Structures are given as structure tokens and as C-alpha cells.
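Count the sequence shown with UniProt numbering and you get residues 1 to 250, in order. Just below is one structure, and these are the notes that go with it.
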Amino acid sequence: MDSALHALLNRQQEDHWWFAGRRKIFSKVLHNTVKTANNSILDIGCGTGGMIGILKDFGHTIGIEVNPEAAEFARGRGYDSVIVHDAKTLPFADQSFDIVTAFDIIEHIEDDRQFVNEIIRVLKPGGKFFLSTAAFNFLWSVFDERAHHYRRYTRKSLAGMLNRFNDSEVCYYNTLLFPPIAVIRLLQKVIHKKQDPKSELFELRQPPKILNYALKCIFSFEKYITGMRIPFGVSLFAVCSKPGTSIASP
């Protein structure tokens with residue numbers, strides 16, 4: 001991502017419906033899964049630090065971010081344990097972490113298989129991996145291009161990527177807003193409407209206050225249905241376990 005996009009992400013982290021809703025959903029997922037509060041946690045691709053805040057309830061979190069400006073934004077939010085490094089070769093010893101998270105990161109990684117292998121390497125036996133990513137290539141948009149995505153996934157393709165883990169739960173989310181988002185993106189393709197990725201940040205612009213609140217309520221409601229096997233969604237999430245016994249489980 002470029003500097004302007006990171007600056008916009010930092011401004012939108014607290015109130016934009018998508019970021020706020022995502023935090024509520026994954027806070028619920030984490031509380032349902034992690035039963036201890038003394039874990040060592042790695043947040044890969046932490047960006048400007050938007051998700052680190054919900055991880056602190058579960059232990060000490062280290063963030064890793066490839067972009068120095070984004071890492072500086074995260075430190076400015078009070079998250080000092082953020083280092084600048086890429087995710088291709090994680091700068092940690094084997095079996096260092098109880099929990100690894102990668103929220104909307106794997107689609108940025110060209111060699112996603114190697115990325116998963118690195119996560120397995122740094123996880124302790126029984127450690128938990130929480131992942132979210134973009135779904136369905138037919139939803140590809142100018143934002144995917146600007147964010148330097150390599151792909152979007154289906155449930156089947158993501159589950160196959162995670163086959164080295166035990167008890168992988170892979171589900172679609174952002175399902176309630178899937179119909180309008182899908183229609184808009186497909187119409188853009190049909191009418192060949194070209195949006196300038198250098199000037200149009202339509203995916204991240206905060207809507208008017210009332211609309212933003214409504215979208216936040218709709219998206220946040222999914223915390224009550226997360227985990228249901230709904231066959232579609234704008235995004236995917238996965239909860240995986242490395243073989244072994246973990247302190248992150250009861």
C-alpha cells in the first residue's frame with residue numbers, strides 16, 4: 001500500500017463501519033476460542049495497529065509491519081512493540097508464540113504457501129492461528145489493485161492452504177452486506193466503469209454519519225452468526241490449531 005492509503009487507514013480505524021465491525025466480530029471469535037490471558041501473540045501485518053487493541057486482553061502482542069509509515073502510526077497509537085519487517089521470513093525463533101494473527105494479510109503475499117509455513121514454524125505446539133482474507137475473485141475491484149492483492153479466496157481454496165493445521169474452521173463473513181456489494185462490483189465490470197486508483201478511495205471513504213452507523217450495526221451483528229456455514233461472504237476467516245497442546249485452549 002502507498003503512503004496516502006496508510007494515512008487514510010489510520011484516520012478511519014476507529015469509526016469506519018468496516019474496521020469497527022471487524023473488531024467486534026473478531027473480539028467475539030477470540031473470546032470464544034482463547035481461554036487464557038497470558039499468551040505470547042504475534043500480529044502479522046498489523047498496519048496502523050487497528051487490531052492490536054483487541055489482542056491485549058489475551059496477552060503480550062508484538063506487531064510486525066512491512067511499511068515503516070504504518071508502523072509509526074501504530075506506535076503513535078501507543079503500541080510500542082511494533083517492528084518493521086516483512087512476513088516472508090519472520091524474525092523469530094521456532095515455537096515462539098501461542099497465538100498468531102494475520103488479518104487481511106495473506107492476499108498481499110505472493111507465496112502464500114511459504115507464508116503459512118512460516119506461521120507454523122513460529123507457533124508453539126497447539127498454538128492458535130487466526131486469519132481473515134478477501135473472498136471470491138469475481139469481487140475483484142480497484143481497491144484490490146491499489147492494495148496490491150494477489151488473489152481472493154474461496155472457502156475451499158483457503159481450507160486447502162491451511163491443511164497442515166488441525167481443526168481448521170473456515171467460514172465466510174460479511175455475508176449480510178454481500179448482496180449489495182456483489183451487485184455494485186459486478187455492475188462496475190459490466191458497464192466497464194474505470195475508477196482511478198490514484199484518486200478514488202471509494203472503498204475506504206467514510207459514508208455519511210447515519211449511513212456509517214447503519215452499516216456498522218449490520219456488519220457488527222454478524223458477531224452473533226459468525227461460525228455458521230453460510231456459503232457466501234465478501235470475506236473469509238479461519239481459526240486453526242497447530243498439532244499439540246496449547247495454553248490458549250481450555
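Where a beta carbon is used, it is the ideal one built from N, C-alpha and C, also for glycine. Every value quoted in this text rests on a predicted model; they were computed, and no experiment measured them.
When only Cα atoms are considered, arginine 164 and threonine 101 end up about 16 Å apart. For isoleucine 218 against leucine 177, the beta-carbon gap comes to about 6 Å, under 8 Å, which counts as contact. Alanine 70 is not a Cβ neighbour of glycine 50, given a cutoff of 7 Å. Of Pro91, Asp98, Lys124 and Ala147, the smallest CA-CA separation from leucine 9 is found for Ala147. In terms of CA proximity to glycine 45, Ile83 leads the group Arg22, Ile83, Trp18 and Arg23.
Take the alpha-carbon of lysine 124 and the one of valine 116: they are about 14 Å apart.
Here tyrosine 79 is not bridged, per DSSP, to any residue. Spatial neighbours of leucine 131 in its own chain (CB-CB distance under 6 Å, excluding positions within 5 residues in sequence) are listed in chain order as Ala102 and Ala238. In the structure shown, proline 243 adopts coil according to DSSP, grouped into three states.
Between lysine 223 and lysine 28, the gap from beta carbon to beta carbon is short of 7 Å.
Between the beta-carbon of alanine 135 and that of leucine 236 there is about 5 Å, and that keeps the pair under the 8 Å contact cut.
With contacts defined as CB atoms closer than 7 Å, phenylalanine 73 and valine 34 fail to qualify as a contacting pair. Between leucine 42 and valine 170, the alpha-carbon positions lie close to 20 Å from each other. Cysteine 46 carries a coil assignment under DSSP once its states are collapsed to helix, strand and coil. In this structure, DSSP gives tyrosine 224 a helical state, which the three-state scheme calls helix. The beta carbon of isoleucine 62 lies closer than 6 Å to those of Leu42 and Ser81 in the same chain, with the five residues before and after it left out.
Here isoleucine 181 is near valine 234, since their CB atoms are less than 7 Å apart. Under the DSSP assignment, serine 168 falls in the beta strand (DSSP E) whose first and last residues are 166-173. For phenylalanine 129, the closest C-alpha among the options Ser40, His16 and Phe221 is that of Ser40. A straight-line Cα-Cα distance of about 26 Å links tyrosine 79 and histidine 149.
Histidine 31: member of the alpha helix (DSSP H) spanning 17-33, first to last residue.
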